[in-house]
Amino acid sequence: MLRFSVTVANTTSSIHFTRCNGLFSQMRNGMAVYTTDYGGPIAQLLLAFRAGSRYEESDESGVAHHLLNSVGSDSEDSPGSDLLNQCSSLGNSHLTREIFAVQATVVRENAVRMAPVLTELCHLAIKPWDFDNINDAVKKEVLYKEPHKMLLNCLYHQSRLVSGQAAFIGINVDHLNLLERLEEGVKIREEAGKYGIQSEYFGGEARRQLNSSKAYVAIAGEGASFQDPEVIFVLFCHIRMCFALTMAIMECLLKSESSSDTAFWYATQLLGCRKVRSPAEFASLIKEVTKEDVDRVKLTFLAFLYKRRSKKES
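Residue numbers (our numbering): 260 to 573.
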């Protein structure tokens, strides 16, 4: 699934400057505006909010997906049919909704007029009956809460769809005209919004539809290639894996056709431990691994691989 990622500066000033052959401005309400003009006849507009699923709180699971599928429904000031008609009359060719972003392709002459329509599309007024249409699109998502209760109270909407979490990007658009139009007609709540817990972010999320009633979730971090078994083994020591996973990794790395008991013996020997009798005892030893142990294990494991390779060659 394609994800738009936009960073909004935390500043209250209204200044614009050149960045990457384009113009960047920070509006008084906190919304960031970036444009670049290549002189083409077709303009691209994008209004994006930092309101994706990774910003959901524990009691907001699934809300972002409902919001994404709600674009095009009634807003607080206009019915959805009028909004879609305005998109067509202004030369709109397609409308996509990724994370919570609305993108439009319009002829250059109508780009500035299209800007308020995009803000209106994100100014949702969700009614209970709207869920009859939305649920068909999101029924395959894994939902742990009842999102309609939160949406009707606009808790997530009020905290994320605000100017401080928004960015407006235009391609082949006059920057000053767009900025003036947004200052006059933007309908976005003027708040800084709440920021999620700071953490390093390495990727995104991938979803695959399966014919099953169960959901499977995998969380991955930085790793290494399986072509470097010694690095994998060092990572194994760092993350202190459980006993069952330890056995699987050891058997994979050592390519041993022996039993789990043999692989278990290899693991304890490489860690410099005496042979233990239970997974719990082994787990307690793993928790005590230090950086010096990791360095020693790496050298020991490299020596083990070298000896095994020498035996095969002989």
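Just so it is clear, CB atoms sit at the ideal spot from N, CA and C, and this is done for glycine as well.
Just so you know, these numbers come straight off a predicted model, no measurement behind them.
Going by other Cβ atoms of all chains shown within 10 Å of its Cβ, with 16 needed for buried, is residue 474 buried or exposed? The sequence position of residue 474 within the sequence shown is 215, counting from 1. Burial check for residue 474: the Cβ neighbour count within 10 Å stays below 16, so the residue is exposed.
Can you check which of these residues, 286, 281, 293, is closest to residue 421 by C-alpha distance? Counting from one through the sequence shown, the residue named residue 421 turns up at place 162. Ranking 286, 281, 293 by Cα distance to residue 421 puts 286 first.
To the nearest angstrom, report how far apart residue 294 and residue 431 are at their CA atoms. Here residue 294 refers to the residue found at position 35 when the sequence shown is read from its first residue. Here residue 431 refers to the residue found at position 172 when the sequence shown is read from its first residue. Their backbone Cα atoms lie some 7 Å apart in a straight line.
Quick one: what's got a C-beta closer than 6 Å to residue 443's C-beta in the same chain, skipping five residues either side? Walking along the sequence shown from the start, residue 443 turns up at place 184. Hits under 6 Å: none found.
Alpha-carbon spacing of residue 303 relative to residue 360, whole angstroms: Residue mapping note: residue 303 aligns to position 44 of the sequence shown, counting from 1. Residue mapping note: residue 360 aligns to position 101 of the sequence shown, counting from 1. Rounded to whole angstroms, residue 303 to residue 360 spans 13 Å at the Cα level.
Given this structure, state the Cα-to-Cα distance separating residue 366 from residue 427, to the nearest angstrom. On the sequence shown, position 107 is the one that residue 366 refers to. On the sequence shown, position 168 is the one that residue 427 refers to. One C-alpha to the other measures close to 17 Å.
CA-to-CA distance, residue 368 to residue 449, given in whole angstroms: Here residue 449 refers to the residue found at position 190 of the sequence shown. Here residue 368 refers to the residue found at position 109 of the sequence shown. Each residue's alpha carbon lies about 28 Å from the other.
So the beta strand (DSSP E) residue 429 belongs to, where does it begin and stop? Looking up residue 429 in the sequence shown gives position 170. Here the beta strand (DSSP E) through residue 429 covers 425-430.
Note down the Cα distance separating residue 289 from residue 447, rounded to an integer number of angstroms. Residue numbering aside, residue 289 sits at position 30 when the sequence shown is read from its first letter. Residue numbering aside, residue 447 sits at position 188 when the sequence shown is read from its first letter. Cα-Cα distance, rounded: 10 Å.
Proximity to residue 372 [Cα-Cα], best of 299, 296, 425, 441: By 1-based counting over the sequence shown, the position of residue 372 is 113. Residue 441 is the option with its Cα nearest to residue 372.
Could you give the DSSP three-state label for residue 422: helix, strand or coil? The residue given as residue 422 occupies position 163 in the sequence shown. In this structure, residue 422 counts as helix in the three-state DSSP scheme.
From this set, 471, 370, 298, 379, which residue's C-alpha is nearest residue 437's C-alpha? Counting from 1 along the sequence shown, the entry for residue 437 is found at position 178. Measuring from the Cα of residue 437, the nearest candidate turns out to be 370.
Spatial neighbours of residue 299 within its chain, please: CB distance less than 6 Å, with the 5 preceding and 5 following residues excluded, ordered by chain position. Within the sequence shown, residue 299 is the residue found at index 40, counting from 1. Only 431 meet the Cβ criterion.
With burial defined as no fewer than 16 other Cβ atoms inside 10 Å of the residue's Cβ, what is the status of residue 309: buried or exposed? Working through the sequence shown from its first residue, we reach residue 309 at position 50. Around the beta carbon of residue 309, a 10 Å sphere encloses 16 or more other beta carbons of the protein chains shown; the residue is thus reported as buried.
If you draw a straight line from the alpha carbon of residue 374 to that of residue 305, how long is it in whole angstroms? Here residue 374 corresponds to residue number 115 of the sequence shown, with the count starting at 1. Here residue 305 corresponds to residue number 46 of the sequence shown, with the count starting at 1. Residue 374 and residue 305: Cα-Cα distance of roughly 9 Å.
Reduced DSSP category for residue 282 - H, G, I as helix; E, B as strand; rest coil: The residue you call residue 282 lines up with position 23 of the sequence shown. It is a strand residue.
Closer than 7 Å: residue 440 CB and nearest the ligand NAP heavy atom: This structure lacks the ligand NAP, and indeed carries no ligand of any kind.
What does residue 303 pair with, by DSSP beta-bridge criteria? Walking along the sequence shown from the start, residue 303 turns up at place 44. 364, 430.
Rounded to whole angstroms, what's the CA-CA distance from residue 301 to residue 472? Just pull it up for me. Position 42 of the sequence shown, counting from 1, holds the residue named residue 301. Position 213 of the sequence shown, counting from 1, holds the residue named residue 472. Approximately 44 Å between the Cα atoms of the pair.
Identify which residue in 424, 468, 470, 429 has its Cα closest to the Cα of residue 281. Start at 1 with the first residue of the sequence shown, and residue 281 comes out as number 22. Nearest option by C-alpha distance: 429.
Expressed to the nearest angstrom, what Euclidean distance is found between the alpha-carbon atoms of residue 307 and residue 423? In the sequence shown, the residue the question calls residue 307 occupies position 48. In the sequence shown, the residue the question calls residue 423 occupies position 164. Distance between the alpha carbons of residue 307 and residue 423 is about 11 Å.
Count the other C-beta atoms from every protein chain shown that fall within 10 angstroms of the C-beta of residue 435, then say buried if there are 16 or more, exposed otherwise. Along the sequence shown, read from residue 1 onward, the residue named residue 435 stands at position 176. So residue 435 counts as exposed.
Assigned secondary structure, residue 474 (DSSP; H/G/I helix, E/B strand, else coil): Your numbering for residue 474 matches position 215 in the sequence shown. The answer is coil: DSSP assigns residue 474 none of H, G, I, E or B.
Grab me the residues of residue 377's own chain with a C-beta within less than 7 Å of its C-beta, minus the 5 sequence neighbours each way, in chain order. Numbered from 1 along the sequence shown, position 118 holds the residue referred to as residue 377. Closer than 7 Å at the Cβ level, and outside the excluded window around residue 377, lie 304, 306, 361, 363.
In the DSSP assignment, what residue or residues form a beta bridge with residue 371? Numbered from its first residue, the sequence shown carries residue 371 at position 112. DSSP, once it has assigned bridges, lists no residue as partnering residue 371.
Exposed unless 16 or more other CB atoms sit within 10 angstroms - verdict on residue 379: Numbered from 1 along the sequence shown, position 120 holds the residue referred to as residue 379. Buried.
Go ahead and pull the three-state DSSP assignment for residue 407. Position 148 of the sequence shown, counting from 1, holds the residue named residue 407. Since pLDDT at residue 407 reaches only 46, below the 50 mark, its modelled position is unreliable, and the value read off the structure follows with that caveat. In this structure, residue 407 counts as helix in the three-state DSSP scheme.
Within its chain, find whatever has a CB closer than 8 Å to the CB of residue 516; leave out the 5 residues flanking it on each side and keep chain order. Indexing the sequence shown from 1 puts residue 516 at position 257. Reliability fails at residue 516, whose pLDDT of 44 lies under 50, so the model's placement of it is uncertain and the value that follows must be treated cautiously. Answer for residue 516: no residue qualifies.
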